[in-house]
Amino acid sequence: MILNLKNTFEDIGNATLFAKQFFKEVFVPPYETKEFLKQCYFIGYKSLPLVAITGFIMGLVLTLQSRPTLVKFGAESWLPGMVALSLIREIAPVITALICAGKISSGIGAELGSMKVTEQIDAMEVSAINPYNYLVVTRILACTLMVPILVFFADAVGIIGGYIGINIHGDVNFYRYLTQILQSLEFLDLFPATIKTFFFGFFIGMIGCYKGFNASNGTESVGKAANSAVVTASLTIFIIDMVAVQITDLFF
Amino acid sequence: MIKEEENIEKESKAKSKSPIIEIKDLHKTFGQDNHVLKGVNLTVNKGEDLVILGRSGSGKSVTIKCIVGLIEPDKGEIKVFDQNVLHLPKNELNEVRVKIGFLFQSGALYDSMSVRENLVFTLRKHKRELSSEEVETEVLEALDNVGLSDAIDKMPSELSGGMRKRIGLARTLILKPEIILYDEPTTGLDTITSREISELILDIKHKRKTTSIIITHDMACAKLTADRIMVLKEGVIQAEGTYEELEKSEDEWVRSFFE
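Chains as they are written, first to last, in the numbering used here: chain V, 224 to 475; chain Y, 1418 to 1676.
Spelled out as structure tokens, the structure:
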């Protein structure tokens, strides 16, 4: 028990140092622009179908589940606003981040873990190429930038899903549906939700890279790195979300 | 008679040249009590091929990984080109690293890149000023040196073990290193491919006048490439000499490698 606790604190300490190195290296040339764009393509573009399907289902299901209750209170007209608010403020950011933790963080953990085990990272190091700069900085930056974009995309697709959900039982014009959403939304609904997605993205990338970079020798550790990256990133997303909601409550 | 003359020539060559790698009292312990290196001392002269023999876990790979700064020793001194690499700041260590090539046991090719990209990536990081044509020429020359120009567009997954090691060597050679460290270059290969790799090591030495440390279990490779052999036992140098000297060693344990 005490040993486990010690290991956990040691791991947190090492991860903090790993993150600190990111802030040291991110501004130091050479800037790996090509690799960064490649990672943006893999992390962002390649995740679009998954995020689209999930976003659509989130919007549709949320509408179908909320409708009966609102109908009971005669508040069916609130449905578009409620769906949009729920999606934008909480559901889309958290669910998209969790999906990214599963897809991206585990992918990075496995990729870097495999590179570590097969001495590819060492090969970079001995060739006087900075593997942290090339492999880690680019991936963390790409995640930090792409996850918020994916969340916006999930918001949009979720709203379309909600529109279809409403039209299963009724007949609402899309223009009216959008107007109702825009009337119920404020800038302060968007702002904190967007800010937290940058943190989600940063931690998804950072945890994946940390787990992969610190995989011990042996193929077994690659699987462990990928698995551990998903679990840690998912847990971190919930913790960040909880902190973000508390801060939002205090200031907005 | 001819062999004896060759040996004398090899010995005199080794003695006449200046040391390029010097290791003094190198210690390394992993965990609490896994003492891998217990005071290794060795010197490699310019233009010399030193083979390090030893059983698995005797600290051979750890020794050469300490030279390039992949593993930090607990105690000792490592001088490469008269610079103590253990106390160099990162940027100066990288300058030394460019002059040292390292061939990993597996070849350590970048899986996500083709053979061409593996070489271009390494070259571009250090010679950004080269034009595309110059880069292409250098890549083809490096691949030609290892006899694998045809594999330029292949992915590492399409290559055999021997080919991966050759491409790994080409990637090492593209930076024109003065020292090459080979970590078990023939392990896992058939006899013919092992001999081809050993001949390639010899060929590179003659063409490029490199200094090498070769970690191996393969006695045929050691016989062909070594100017001098060191035998490592439980973290210390147990014996040192030419192949012929060690073959007749009085130490039965040392002799067992040659039987």
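Don't be surprised by glycine CBs; every beta carbon is placed ideally from N, CA and C. Bear in mind that the values here come from a model prediction, so they are computed numbers and not experimental data.
- Between Phe425/V and Ile387/V, the CB-CB gap reaches or exceeds 8 angstroms.
- Interface criterion met: the Cβ of Ser350/V is under 8 angstroms from a Cβ in chain Y.
- Residue burial annotation: Thr442/V is exposed, with fewer than 16 other C-beta atoms found within 10 angstroms of its C-beta.
- Note that the C-beta distance between Leu1649/Y and Ser1475/Y is below 8 angstroms.
- At least 8 angstroms separates the beta-carbon of Ile1569/Y from that of Leu1576/Y.
- Here DSSP, grouped into helix, strand and coil, assigns Leu1459/Y to strand.
- The alpha-carbon of Thr471/V is positioned some 35 angstroms away from that of Leu335/V.
- Residue contact check for Phe1521/Y against chain V: a CB pair falls below 8 angstroms.
- In the three-state reduction of the DSSP assignment, Tyr1660/Y falls in the helix class, which pools H, G and I.
- Close partners of Thr341/V in chain Y (Cβ separation under 7 angstroms): Ser1523, Ala1525.
- Among the residues of chain Y, none has a CB under 8 angstroms from the CB of Asp378/V; the nearest is roughly 32 angstroms distant.
- Counting along the chain, the unbroken beta strand (DSSP E) around Tyr1599/Y starts and ends at 1596–1600.
- Measuring C-alpha to C-alpha distances from Gly330/V to each of Phe265/V, Pro371/V, Pro303/V identifies Phe265/V as the nearest.
- Contact between Ala275/V and Ile427/V is absent: CB atoms are separated by about 19 angstroms, not below the 8 angstroms threshold.
- A residue is called buried once 16 or more other Cβ atoms fall within 10 Å of its Cβ, and Lys434/V is buried on that count.
- For Thr1610/Y, not one C-beta of chain V is nearer than 8 angstroms to its own C-beta.
- Among the residues facing chain V, Arg1581/Y is not included, as its CB has no counterpart in that chain under 8 angstroms away.
- Across the stretch 1527–1541 of chain Y, CB contacts with chain V closer than 9 angstroms involve Tyr1527, Asp1528, Ser1529, Phe1538, Thr1539, in sequence order along the chain.
- Residue contact with chain Y for Ala346/V: present (Cβ-Cβ distance below 8 angstroms to some residue of chain Y).
- Checking the DSSP bridge columns, you'll see Thr1446/Y partnered with His1452/Y.
- The alpha-carbon of Ile280/V is positioned some 14 angstroms away from that of Ser309/V.
- Interface flag for Arg1625/Y against chain V is unset, since no Cβ pair is found closer than 8 angstroms.
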